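Asks:
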Amino acid sequence: MTDKEKNTPEDGARKPKLPPGMVPRSPKMPPGIASKTAAAKTPASAASASKTTSASSGRTKPGTAKPPGKRPGLPPSKKMPPAGGDGATSELKYTRADFSSDQDVRWCPGCGDYAVLATTQRLMPELGVRPEDTVFISGIGCSSRFPYYMNTYGMHSIHGRAPAFATGLKASRPDLDVWVITGDGDALSIGGNHLIHLMRRNVNLQILLFNNQIYGLTKGQYSPTSEVGKVTKSTPFGSVDHPFNPSAVVLGADATFVARTMDRDPKHMKSILMQAHAHTGTGFVEVYQNCNIFNDGAFFEYTEKTSKAERTIFIETGKPLVYENGTKGLRLNGLEMESLDLESGNYSVDDCLVYDDASRDLAGVMSRLFWKENMPQPFGVFYREERDTYDQLLHDQVSDVLKKRGPGSIEDLLHSGDTWTIE
Ligand SMILES: Cc1ncc(C[n+]2csc(CCOP(=O)(O)OP(=O)(O)O)c2C)c(N)n1
Ligand code: SF4
Ligand SMILES: [Mg+2]
2 MTDKEKNTPE DGARKPKLPP GMVPRSPKMP PGIASKTAAA KTPASAASAS KTTSASSGRT
62 KPGTAKPPGK RPGLPPSKKM PPAGGDGATS ELKYTRADFS SDQDVRWCPG CGDYAVLATT
122 QRLMPELGVR PEDTVFISGI GCSSRFPYYM NTYGMHSIHG RAPAFATGLK ASRPDLDVWV
182 ITGDGDALSI GGNHLIHLMR RNVNLQILLF NNQIYGLTKG QYSPTSEVGK VTKSTPFGSV
242 DHPFNPSAVV LGADATFVAR TMDRDPKHMK SILMQAHAHT GTGFVEVYQN CNIFNDGAFF
302 EYTEKTSKAE RTIFIETGKP LVYENGTKGL RLNGLEMESL DLESGNYSVD DCLVYDDASR
362 DLAGVMSRLF WKENMPQPFG VFYREERDTY DQLLHDQVSD VLKKRGPGSI EDLLHSGDTW
422 TIE
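Here the sequence shown stands for residues 2 to 424, numbered as in our numbering.
1) CB-CB under 8 Å to Lys320, same chain, minus the five flanking residues each way: which ones, in chain order?
2) DSSP puts Trp180 in a beta bridge; with which residues?
3) Would DSSP call Asp185 helix, strand or coil?
4) For Ser410, which residues of its own chain have a beta-carbon under 8 Å away from its beta-carbon, when the five flanking residues on both sides are left out?
5) How many angstroms separate the CA atom of Gly418 from the CA atom of Glu412?
6) Check whether the Cβ atoms of Gln207 and Tyr216 lie closer than 8 Å to each other.
7) Hey, Asn425 and Tyr289 are a contact pair by Cβ (cut 8 Å); roughly how many whole angstroms apart?
8) Which one of Tyr154, Ala119 and Gly142 has the shortest CA to CA distance from Asp134?
9) Between Tyr216 and ligand 3, is there a pair consisting of the residue's CB and a ligand heavy atom that are separated by less than 7 Å?
10) So Thr313 and Gln398 are in contact, right, with Cβ under 8 Å, and what is the actual spacing, rounded?
11) DSSP has Pro379 in a bridge; who is on the other side?
12) Indicate, with yes or no, if ligand 1 has a heavy atom lying under 7 Å from the CB of Ser227.
13) Taking the alpha-carbon of Ile197 as reference, which of Ala254, Val204 and Ile316 has the nearest alpha-carbon?
14) Are Met263 and Phe380 close, meaning C-beta to C-beta below 8 Å?
15) What is the C-beta distance between Gly1 and Asp187, in whole angstroms, given that I count them as a contact (C-beta under 8 Å)?
16) Quickly, what does DSSP pair Asp342 with across the bridge? List them, please.
17) Could you give the residue range of the alpha helix (DSSP H) that holds Pro146?
18) Per DSSP, which one or two residues make a beta bridge with Glu287?
19) Work out the CA separation of Ala98 and Tyr150 for me, nearest whole Å.
20) By the three-class DSSP mapping on this structure, what secondary structure does Tyr356 have?
21) I'd like to confirm something about Ile273: is its beta-carbon nearer than 7 Å to some heavy atom of ligand 1, or not?
Now the structure itself:
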């Protein structure tokens, strides 16, 4: 029997020999990258993947377990993730159904959340990840019901704290592929502090902020992204709060991947989610999401056919900033963007700025278009930077200290240094 076999119980669950709670970096790993692909599991352990727990109860939600999938005897994962990847293995052949749970979806008919769910479920097989290596962690809100509907591990945690749960999980299990699901209230009101620390730490996960500019679950109070003057139950005479611009907030917190997409463009959403997943570090994606019950049409000027071309610009690195079916473009005038009329005869596409998502300054300028009424709203990847991740740095530090000082003892630690006995 090999050491590995001795260390693997019958259910196939991995038992790393480790400092408490840490997973060793795989020898096959590309430098600086933590694999999110765990060791292959038996069908029995794969079947237990559909378990969404509630932090308040700590128990598995009744009825969330799914019967074993159609795929007995999955081949073990052989390929390590590509650099910057997130546990992808090209050998897996899953379908959307494998990532869809048996739970009834409880969102209002017509809610934009459905589109995000469908896109994510369709995307997962393309990422080549396994349900049992994937975890969706949410806070509280309509959008935060998301983990129930994914046939993966999941946690419906507490309000605004999904980043904290996710950071803890990645610190102890950097091999897992973790997604945080949050709303504009969850992420930017009660969870605002947690959001910014997730960004500066650059924990290796994806975070989807469903921005519907309202508290949906609690029936329509204004949120930190609601516009000034918003009349709601909690602001009967109109909100006087200056709203947050989520992409500017996270750029200010030194996020390493910042993107925006919309519920009504699933193709674009899928491409953005794929890029966020491929990013090593925190992949922040803001999704403009329609709450058709309490804030219907908040983003219609950007999402509906009649105005979309005029009011949006889809940005891509290496491509000139053009919009409105190629009739308009953007260029920098000092530190401000200005719009060019490409039909006037005065300008051509060559005068437009070629976008580069490696520039934090440019990303800052693009994120500020949010405030400019006559400017199109950008969608796409604003900013992308490779920087060490918190989980990898933490793991490396623990490994280094262990190498130098050997395993420690909590007992010894507690009785070391300046301690005394009260008699
Ligand atoms: C500690 C705490 N405070 C307040 C609430 C009430 N509450 C539940 S969801 C929510 C806001 C949700 O809004 P958002 O994050 O935008 O999610 P949406 O429902 O719009 O998807 C609030 C204030 C709560 N559940 N817990
Ligand atoms: S209240 Fe709004 S956000 Fe919540 S499920 Fe209904 S439509 Fe969706
Ligand atoms: Mg909301």
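All C-beta atoms, glycine included, are put in the ideal place defined by N, C-alpha and C. Keep in mind the model is a prediction, meaning the values are calculated, not measured.
Replies: Based on what the coordinates show:
1) Val355 and Tyr356
2) Phe137 and Gln207
3) helix
4) none
5) Rounded to the nearest angstrom, the two C-alpha atoms are 12 Å apart.
6) no
7) Lying outside 2 to 424, the shown extent of the chain, residue 425 is not represented and no answer is given.
8) Tyr154
9) Yes, since a heavy atom of ligand 3 falls inside the 7 Å radius drawn around the Cβ of Tyr216.
10) No, Thr313 and Gln398 are not in contact; Cβ-Cβ is about 44 Å, not under 8 Å.
11) Ile314
12) no
13) Ala254
14) With contacts defined by Cβ atoms closer than 8 Å, Met263 and Phe380 form a contacting pair.
15) This structure cannot settle anything about residue 1, because the visible part of the chain is limited to 2 through 424.
16) Lys329
17) Reading off the sequence shown, one finds Arg at residue 146, where the question assumed Pro. Here Arg146 belongs to no alpha helix (DSSP H), and DSSP marks it neither H nor E.
18) Beta-bridge analysis with DSSP links Glu287 to Leu210 and Arg261.
19) Rounded to whole angstroms, Tyr150 to Ala98 spans 11 Å at the Cα level.
20) coil
21) In this structure, Ile273 has its CB at a distance of at least 7 Å from all heavy atoms of ligand 1.
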